[in-house]
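Q: Can you keep this structure in mind? I'll have questions shortly.
There are 6 protein chains.
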Amino acid sequence: MLHQLLERVNKTMGFETARAHCDIPCKIYDPITAQLATLSVLRFLDLINELEQKESLSLADQALFIRLVNDKEKHAAKVKDEVRIIWGDFIKQPQIEAQPDIHALVHNIMMAASAGKQNVSREKGESLLSLVNQFAKHFWTFKGVDTYQAVCPYPPSEKLVYPLLKQD
Amino acid sequence: MLHQLLERVNKTMGFETARAHCDIPCKIYDPITAQLATLSVLRFLDLINELEQKESLSLADQALFIRLVNDKEKHAAKVKDEVRIIWGDFIKQPQIEAQPDIHALVHNIMMAASAGKQNVSREKGESLLSLVNQFAKHFWTFKGVDTYQAVCPYPPSEKLVYPLLKQD
Amino acid sequence: MLHQLLERVNKTMGFETARAHCDIPCKIYDPITAQLATLSVLRFLDLINELEQKESLSLADQALFIRLVNDKEKHAAKVKDEVRIIWGDFIKQPQIEAQPDIHALVHNIMMAASAGKQNVSREKGESLLSLVNQFAKHFWTFKGVDTYQAVCPYPPSEKLVYPLLKQD
Amino acid sequence: MLHQLLERVNKTMGFETARAHCDIPCKIYDPITAQLATLSVLRFLDLINELEQKESLSLADQALFIRLVNDKEKHAAKVKDEVRIIWGDFIKQPQIEAQPDIHALVHNIMMAASAGKQNVSREKGESLLSLVNQFAKHFWTFKGVDTYQAVCPYPPSEKLVYPLLKQD
Amino acid sequence: MLHQLLERVNKTMGFETARAHCDIPCKIYDPITAQLATLSVLRFLDLINELEQKESLSLADQALFIRLVNDKEKHAAKVKDEVRIIWGDFIKQPQIEAQPDIHALVHNIMMAASAGKQNVSREKGESLLSLVNQFAKHFWTFKGVDTYQAVCPYPPSEKLVYPLLKQD
Amino acid sequence: MLHQLLERVNKTMGFETARAHCDIPCKIYDPITAQLATLSVLRFLDLINELEQKESLSLADQALFIRLVNDKEKHAAKVKDEVRIIWGDFIKQPQIEAQPDIHALVHNIMMAASAGKQNVSREKGESLLSLVNQFAKHFWTFKGVDTYQAVCPYPPSEKLVYPLLKQD
Numbered sequence: 812m813l814h815q816l817l818e819r820v821n822k823t824m825g826f827e828t829a830r831a832h833c834d835i836p837c838k839i840y841d842p843i844t845a846q847l848a849t850l851s852v853l854r855f856l857d858l859i860n861e862l863e864q865k866e867s868l869s870l871a872d873q874a875l876f877i878r879l880v881n882d883k884e885k886h887a888a889k890v891k892d893e894v895r896i897i898w899g900d901f902i903k904q905p906q907i908e909a910q911p912d913i914h915a916l917v918h919n920i921m922m923a924a925s926a927g928k929q930n931v932s933r934e935k936g937e938s939l940l941s942l943v944n945q946f947a948k949h950f951w952t953f954k955g956v957d958t959y960q961a962v963c964p965y966p967p968s969e970k971l972v973y974p975l976l977k978q979d
Numbered sequence: 812m813l814h815q816l817l818e819r820v821n822k823t824m825g826f827e828t829a830r831a832h833c834d835i836p837c838k839i840y841d842p843i844t845a846q847l848a849t850l851s852v853l854r855f856l857d858l859i860n861e862l863e864q865k866e867s868l869s870l871a872d873q874a875l876f877i878r879l880v881n882d883k884e885k886h887a888a889k890v891k892d893e894v895r896i897i898w899g900d901f902i903k904q905p906q907i908e909a910q911p912d913i914h915a916l917v918h919n920i921m922m923a924a925s926a927g928k929q930n931v932s933r934e935k936g937e938s939l940l941s942l943v944n945q946f947a948k949h950f951w952t953f954k955g956v957d958t959y960q961a962v963c964p965y966p967p968s969e970k971l972v973y974p975l976l977k978q979d
Numbered sequence: 812m813l814h815q816l817l818e819r820v821n822k823t824m825g826f827e828t829a830r831a832h833c834d835i836p837c838k839i840y841d842p843i844t845a846q847l848a849t850l851s852v853l854r855f856l857d858l859i860n861e862l863e864q865k866e867s868l869s870l871a872d873q874a875l876f877i878r879l880v881n882d883k884e885k886h887a888a889k890v891k892d893e894v895r896i897i898w899g900d901f902i903k904q905p906q907i908e909a910q911p912d913i914h915a916l917v918h919n920i921m922m923a924a925s926a927g928k929q930n931v932s933r934e935k936g937e938s939l940l941s942l943v944n945q946f947a948k949h950f951w952t953f954k955g956v957d958t959y960q961a962v963c964p965y966p967p968s969e970k971l972v973y974p975l976l977k978q979d
Numbered sequence: 812m813l814h815q816l817l818e819r820v821n822k823t824m825g826f827e828t829a830r831a832h833c834d835i836p837c838k839i840y841d842p843i844t845a846q847l848a849t850l851s852v853l854r855f856l857d858l859i860n861e862l863e864q865k866e867s868l869s870l871a872d873q874a875l876f877i878r879l880v881n882d883k884e885k886h887a888a889k890v891k892d893e894v895r896i897i898w899g900d901f902i903k904q905p906q907i908e909a910q911p912d913i914h915a916l917v918h919n920i921m922m923a924a925s926a927g928k929q930n931v932s933r934e935k936g937e938s939l940l941s942l943v944n945q946f947a948k949h950f951w952t953f954k955g956v957d958t959y960q961a962v963c964p965y966p967p968s969e970k971l972v973y974p975l976l977k978q979d
Numbered sequence: 812m813l814h815q816l817l818e819r820v821n822k823t824m825g826f827e828t829a830r831a832h833c834d835i836p837c838k839i840y841d842p843i844t845a846q847l848a849t850l851s852v853l854r855f856l857d858l859i860n861e862l863e864q865k866e867s868l869s870l871a872d873q874a875l876f877i878r879l880v881n882d883k884e885k886h887a888a889k890v891k892d893e894v895r896i897i898w899g900d901f902i903k904q905p906q907i908e909a910q911p912d913i914h915a916l917v918h919n920i921m922m923a924a925s926a927g928k929q930n931v932s933r934e935k936g937e938s939l940l941s942l943v944n945q946f947a948k949h950f951w952t953f954k955g956v957d958t959y960q961a962v963c964p965y966p967p968s969e970k971l972v973y974p975l976l977k978q979d
Numbered sequence: 812m813l814h815q816l817l818e819r820v821n822k823t824m825g826f827e828t829a830r831a832h833c834d835i836p837c838k839i840y841d842p843i844t845a846q847l848a849t850l851s852v853l854r855f856l857d858l859i860n861e862l863e864q865k866e867s868l869s870l871a872d873q874a875l876f877i878r879l880v881n882d883k884e885k886h887a888a889k890v891k892d893e894v895r896i897i898w899g900d901f902i903k904q905p906q907i908e909a910q911p912d913i914h915a916l917v918h919n920i921m922m923a924a925s926a927g928k929q930n931v932s933r934e935k936g937e938s939l940l941s942l943v944n945q946f947a948k949h950f951w952t953f954k955g956v957d958t959y960q961a962v963c964p965y966p967p968s969e970k971l972v973y974p975l976l977k978q979d
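Residue numbers (the working numbering), protein chains in the order written: chain A, 812 to 979; chain B, 812 to 979; chain C, 812 to 979; chain D, 812 to 979; chain E, 812 to 979; chain F, 812 to 979.
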């Protein structure tokens, strides 16, 4: 620490330049975490709807229902957090200019995730996934990475937008 | 639960209308939590700068420095969360139409809070507070509540935007 | 770090005095966060009681009931945390002497918040609010700040104790 | 759920009596968690003081110092939480009458845990442990369980108050 | 920090040796936290089963049921975390050689804790407790500390494995 | 709830079979979250080492160092959690038989993640990544999904194991 010494150094190299090249949390942004959380919301909606098909619910079914509602809640909140992080930390002026409706898209994701919390209908989960995939597509375009669509290799077997990476 | 019964009821009253009047987390939005977190960021910046004035730092000072950096981080993150909640849950089409730059303001708060994390200069905290106060002003306007400015009754003794409430 | 140097400094300025003027988490105490959390408990109780009025509950209603119970739980816990922080960090010997029943008041808040968790009757929430408002009043008195009562500008439209600040 | 049915039942058995025999979080209170967290605070203080003995600190030492300060912080906070839970949930009128200074003891623990956060001297950790052990002793007395003292079977090898259980 | 100086010191003392004697989180491992969390799972199962005995459930009973399911979930997760910490941080090559099935035991605990989350039958909790007690016994054997069994001094009054400490 | 009714249903359909087809958290396992967290650990190590190249560190650099150490800690902990979840919830008898050293691999990941917490050398991060990629490869093999290697599209530009999905 020793500020006498530091002050001298700071004067010569300058504070802002010293910081400019590194900016944690640091550039490892990937929309896959938001996409996975969205799939979970959809999956919990499916399981809730399976319960709804039953004629009556045992105490264990009801405990499962509670757990499904809770986990749906947590994952919808995670969607919001993960999207907000990329939006707030990665998206700056150039990205906004390239895609001026990015703010509205993110805001729609927030509202769709709330709808996913508040409802038990599958449609709400599907709308959320469609928006989050759209966000992923924009993200990879901002990064100059092409994308492809594929069915995710687990339930609920929905299509996700993935980055097209060069096999090594 | 007993779905035979429920189905009958659902058919008559309709699901969406049943949900419309209540929407948790439920309408107790208040920008004061974001404002308090912003004040904390500013306060930690002030205390960091007090440390900077010292000629050298004892081990206890250094431990304090670590704690200040950590707490600054946590409160800047809280600013983001609290503003995002109001933006995502309370602000809908009518508010966006009344204040079309609300998305850009919220995005600026995200970036200013990141700057508050990444820097130790007081100016970054002041910019953040100015934006968060602006957000608070919009919020109370959306609610139809007048506001006033006052110096907060604790350090760092900065001006906050408060709702003007009728004394009872 | 360099302890040879530091030791010399520490000997001359003394450790305790060096720390005395700053004590993080640092003096930005405000009972409003505990008051807001209490309002949320009350609000969730109201919404639970609205559900109770229905003849039967759809699956979506039941999901809402689960979310209301969970959020009530979380906010009652928050009341405890926020009050405990002010009590443990801000209230010291002079405040205890000025208000010797402050310990009992805080303990009553803990028990009332537990009751708010364990029950679904509105009265439990009202008792909690009354205690937390009382705590807020003591707090502002300790700080030498006058207070006023006003109906909070959101549901459940209950009276809160607010600090009387000089408009700027 | 079916409220028509429930109402009838509620009328006959009464709500309060139905709830009286079970009160979650439910009676598994044990001060050992607070005692363990206190030992951790002491241990981190010891490790910080080992670092202080070094002539200079490598970058890895400094990273360790940061981690020690953080973990000390977290465990001191845990002490507060765990003691607060027992105090707020388990200690009721009969315990307060049996031990009228229990409020002051708990308040002292809060202040000692804050001191443990803010300082790097071992003495602060020792004071905290002494208070927490005293709290443990009261707790077991309230429960009608005898106690003994033993050196804990891990660093920092301090004496803890343990319940005296019948071997089976 | 001053790396010129530090580099010199690092060369003479070596980095790895400097770190070898201290390894935070630092040696205060105690299976009691996993055991207490397991008892809580069992206790919540008991309380759920008490509810099951009732002819019908009031809204307050149902809220209690939700809270019990949630707390059971949280404590089963805690069992996993606490066991994983000891397994991942304390158990190294010598312990694995002394007890080659320790990995399988820990894996069984993970599966049993999941079963405790997913079910409402007491048997699942009892199996979990038996495994966690076994883990505690291994742990104390690794440490060279004898153990004894005793009924825990709170509900659900199950037998726990405790370390046999020398009274002081 | 109404147990008279439920009991009848339970008798006919059986409890265990009713639960067998769904097992939340529910089958959306993906090692990418553990891989991303590992990349973050590596990235923070790189940024720490950039700081080490500087002749001296400004207060802002030191604040950055603290943040890097903290974030490295958090992400190493996340690696452990994410791997533990897949291991504890997804890996059962058939997978263990197909890959008997899976327990040892997971245990090595726990120890490597701890080493990543405790050290500032890049090698520790590289070892962790190699193990986590190996775990990812096993996971996809268990699922019957082929994999490929590619450089991740962000810093630290390391090779990851990805599932080979059919483009749609």
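Beta carbons: idealized from backbone N, C-alpha and C, even for Gly. This structure is a prediction, so every number in the text was calculated from the model and none was measured.
1) Who are the near neighbours of methionine 921 of chain B in its chain, counting only those whose CB is closer than 7 Å to its CB and skipping five residues on each side?
2) Determine whether the Cβ of proline 964 of chain D lies closer than 8 Å to any Cβ atom of chain E.
3) Report yes or no: is there a C-beta of chain C within less than 8 Å of the C-beta of arginine 854 of chain E?
4) Sort B/Lys865, B/Pro905, B/Ser968 and B/Val956 by Cα distance to phenylalanine 940 of chain B and report the nearest one.
5) So is glutamate 969 of chain F in contact with chain E if we call contact Cβ pairs under 8 Å?
6) Entirely within the segment 880-958 of chain C and at least 4 residues each: give me those alpha helix (DSSP H) ranges in chain order.
7) What are the boundary residues of the alpha helix (DSSP H) that leucine 971 of chain F is part of?
8) Which residue marks the beginning of the alpha helix (DSSP H) containing glutamine 846 of chain B, and which one marks its end?
9) Taking Cβ positions only, does phenylalanine 933 of chain E come closer than 8 Å to chain C?
10) Please confirm whether lysine 838 of chain F and proline 966 of chain A have their CB atoms less than 8 Å apart.
11) Using 8 Å as the limit for Cβ to Cβ distance, is glutamine 945 of chain C near chain B?
12) In the DSSP output, which residue or residues are listed as bridge partners for glutamine 873 of chain D?
13) Alanine 874 of chain C CB to nearest chain A CB: under 8 Å?
14) So, do the segment 906-914 of chain D and the segment 895-908 of chain B have three or more beta carbon pairs nearer to each other than 8 Å?
15) Classify glutamate 866 of chain A: buried if its beta carbon has 16 or more other beta carbons within 10 angstroms, exposed otherwise.
16) Less than 8 Å between C-beta atoms, sequence neighbours within five positions excluded: which residues of the same chain meet that for leucine 942 of chain C?
17) How many angstroms separate the CA atom of serine 925 of chain B from the CA atom of glutamate 863 of chain E?
18) For chain D, is any of its Cβ atoms less than 8 Å away from the one on alanine 915 of chain C?
19) Hey, alanine 947 of chain D and glutamate 893 of chain D: beta-carbon distance below 8 Å or not?
20) Let me see if you follow: with CB-CB separation under 8 Å, is glycine 899 of chain E close to chain F or not?
21) Buried or exposed: which applies to aspartate 957 of chain F, given that a residue is buried once 16 or more other Cβ atoms fall within 10 Å of its Cβ?
22) Looking at histidine 886 of chain F: is its Cβ nearer than 8 Å to the Cβ of serine 851 of chain F?
23) Identify the contact partners of leucine 847 of chain F in chain A, using a Cβ-Cβ distance below 8 Å as the criterion.
24) Here's the rule: buried if 16 or more other CB atoms are within 10 angstroms of the residue's CB, otherwise exposed. What is glutamine 978 of chain F?
25) Counting contacts by CB-CB distance shorter than 8 Å, is glutamate 818 of chain B in contact with chain D?
26) Exposed or buried, what is glutamine 960 of chain E when buried is set at 16 or more other beta-carbons lying within 10 Å of its beta-carbon?
27) Here's the rule: buried if 16 or more other CB atoms are within 10 angstroms of the residue's CB, otherwise exposed. What is glycine 899 of chain C?
28) What residue from F/Asn881, F/Leu976 and F/Asp857 has the CA that sits closest to tryptophan 951 of chain F's CA?
29) Given tyrosine 840 of chain A, which residues of its chain have a CB within under 8 Å of its CB, disregarding the five upstream and five downstream residues?
30) Name the chain A residues that come within less than 9 Å of arginine 895 of chain B, Cβ to Cβ?
A: On the basis of the supplied data:
1) Lys891
2) Nearest CB-CB separation between proline 964 of chain D and chain E: below the 8 Å threshold.
3) no
4) Per the sequence presented here, residue 940 of chain B reads as leucine, with phenylalanine not at that position. When only C-alpha atoms are compared, the closest one is B/Ser968.
5) Not one chain E Cβ lies under 8 Å of glutamate 969 of chain F.
6) 904-909, 913-929 and 933-953
7) Run containing leucine 971 of chain F: none in the alpha helix (DSSP H); it sits in the beta strand (DSSP E), 970-974.
8) 843-864
9) In the sequence as presented, phenylalanine is not what sits at residue 933 of chain E; that position holds arginine. Judged by the 8 Å Cβ criterion, arginine 933 of chain E is not in contact with chain C.
10) yes
11) no
12) According to DSSP, glutamine 873 of chain D bridges with nothing at all.
13) It does; some Cβ of chain A falls within 8 Å.
14) no
15) exposed
16) Leu916, Asn919, Ile920 and Ala923
17) 51 Å
18) yes
19) Pairing alanine 947 of chain D with glutamate 893 of chain D gives a Cβ-Cβ distance that is not under 8 Å.
20) Closer than 8 Å to some Cβ of chain F, the Cβ of glycine 899 of chain E qualifies, so yes.
21) exposed
22) Closer than 8 Å, so yes.
23) Ile839, Asp841, Ile843 and Thr844
24) exposed
25) With a pLDDT of only 36 at glutamate 818 of chain B, under 50, the local geometry of the prediction cannot be trusted, and the value read off the model is given with reservation. Chain D contact via Cβ: absent.
26) exposed
27) buried
28) In terms of CA proximity to tryptophan 951 of chain F, F/Leu976 leads the group F/Asn881, F/Leu976 and F/Asp857.
29) Result list for tyrosine 840 of chain A: Ile896, Ile897, Asp900, Phe901 and Phe950, in chain order.
30) Taking a Cβ-Cβ threshold of 9 Å, the residues of chain A close to arginine 895 of chain B are Lys891, Asp892, Arg895, Gly899 and Met921, in chain order.
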